[in-house]
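Residue numbers are given in the numbering used here: position 66 of the sequence shown equals residue 160, and the series is strictly consecutive. Note that CB positions come from ideal geometry on N, CA and C, so glycine has one too. Note that the structure is a prediction, hence the values are computed from the model and not measured. Here the structure is laid out as C-alpha cells; the discussion comes afterwards.
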Amino acid sequence: MAKASAQFTCSSCGAAHKKWAGRCDACGAWNAIIEEAPLSAGPKGPVGRGRKIDLSTLQTREAPPPRTLSGVAEFDRVLGG
C-alpha cells in the first residue's frame, strides 16, 4: 500500500504544493502554506461483521508456579512476585 502523502496549500491564494516552503511560489506570500491531511480512500472490499470465533477459557486447575523473589521489593512488585 502506498504511503499517503500530505498536501500543502497556500492560505492566501489556494495554490497546491507538494512540500512545505516558507514562501508561496504563486502569490509570493510568506508563511502562508499550511499542511492538509490527504483524504482517506476508506477500506477496499466488502465490509462485514465477519464470523464468530470461539475463545478458549483461561481457567485451569493447576496451581500457579512459585514466584522467585529477587529481594528488591519494587522489582518484585512490577514483575508480579
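If you drop the 5 nearest sequence neighbours on each side, which residues of the same chain put their C-beta closer than 8 Å to that of residue i?
{"i": "alanine 109", "result": "Thr103, Cys118, Asp119, Ala120 and Cys121"}
Comparing alpha-carbon positions, which option in the options lies nearest residue i?
{"i": "proline 160", "options": "Ala123, Ala100, Gln153 and Asp170", "result": "Asp170"}
{"i": "glutamate 130", "options": "Ser164, Lys112, Trp124 and Leu152", "result": "Lys112"}
What is the rounded straight-line gap between the Cα of residue i and the Cα of residue j?
{"i": "isoleucine 127", "j": "serine 99", "result": "16 Å"}
{"i": "tryptophan 114", "j": "arginine 143", "result": "41 Å"}
{"i": "tryptophan 124", "j": "glutamine 101", "result": "17 Å"}
{"i": "proline 158", "j": "leucine 152", "result": "12 Å"}
{"i": "threonine 154", "j": "lysine 146", "result": "24 Å"}
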